[in-house]
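Have a look at the structure below, then the notes.
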Amino acid sequence: MTMAFKKGYTQIYTGDGKGKTTAALGLALRAAGAGLTVYIAQFIKSGDYSEIKALSRLADRITVEQFGLGRFVKGKPSPEDRAAARKGLEAIRSAMTSGRYQVVIMEEGNVAATCGLFPIDEILAIMSQKPTDVELVVTGRGADARVIDKADLVTEMKAVKHYYQAGVAARTGIEK
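Residue 3 is where the sequence shown starts when you use the working numbering, and the numbers rise one by one after that.
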């Protein structure tokens, strides 16, 4: 039997500091440990990242799907990039309304909107369509003011100091 919320909230993790995805994945682990089921849609990443490998061990509680094609980071998104993101939005809506998941995470949803993969209105619509008993989490820098205003909880990660600025590349198991 899966636990359910009486009331789920909308959380936003944004800002220019490290830790947005890490916080969302920590919440996913906590939720799974409490018997909840979690759906994570990744809008930018594609591939076998360390977190994907770890989360696969919890596949009975955490489902991860990637809707990034692994090549779009800067510039104008291609029609294929936008189509993949649209599939991700459909998957989020389906997961939220399926009754199967208590926690739904749009990983890098803010970035996807900022980069033009879909309009910000899509995030706002998903927030409005969220069932009462589902917790929705949207991560990524650059959260729109309207998204922040509509959310129940907003955490801004602030970059104070990062060894990347000293030339340290992303390390497996820590940043990737």
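Cβ atoms here follow ideal geometry from the backbone N, Cα and C, with glycine treated the same way. Being a predicted model, the structure only gives us computed values, none of them experimental.
| Asked | Found |
| --- | --- |
| Backbone secondary structure at M159 - three-state DSSP | coil |
| Reduced DSSP category for L31 - H, G, I as helix; E, B as strand; rest coil | helix |
| Exposed unless 16 or more other CB atoms sit within 10 angstroms - verdict on T23 | buried |
| Residues near R32 in its chain [Cβ-Cβ closer than 8 Å; skip 5 each side] | none |
| Cβ-based burial, T174 [other Cβ within 10 Å; buried from 16] | exposed |
| Euclidean distance between Cα positions of I14 and V140 | 5 Å |
| Strand pairing of Y11, partner residues [DSSP] | Y11 is not bridged to any residue. |
| T65 - partner residues in DSSP beta bridges | Y41 |
| Runs of alpha helix (DSSP H) wholly within the stretch 118-178 (minimum 4 residues, chain order) | 122-131, 147-152 |
| Per-residue burial, Q167 [other beta carbons within 10 Å of its own, 16 or more giving buried] | exposed |
| CB contact flag (F7, Q131, <8 Å) | no |
| Nearest to A161 (by Cα), restricted to the options G10, Y11, D18, K9 | D18 |
| First and last residue of the uninterrupted beta strand (DSSP E) at E110 | That residue, E110, is in no beta strand (DSSP E); it is neither H nor E in DSSP. |
| Inter-residue spacing [alpha-carbon to alpha-carbon] between A97 and H164 | 35 Å |
| Pairwise C-alpha distance: V66 and M3 | In this predicted model, M3 has a pLDDT of only 47, less than 50, meaning its place in the structure is not dependable; the value taken from the coordinates is given anyway. Whole-angstrom Cα-Cα distance: 21 Å. |
| G142 versus E109: straight-line alpha-carbon distance, rounded | 7 Å |
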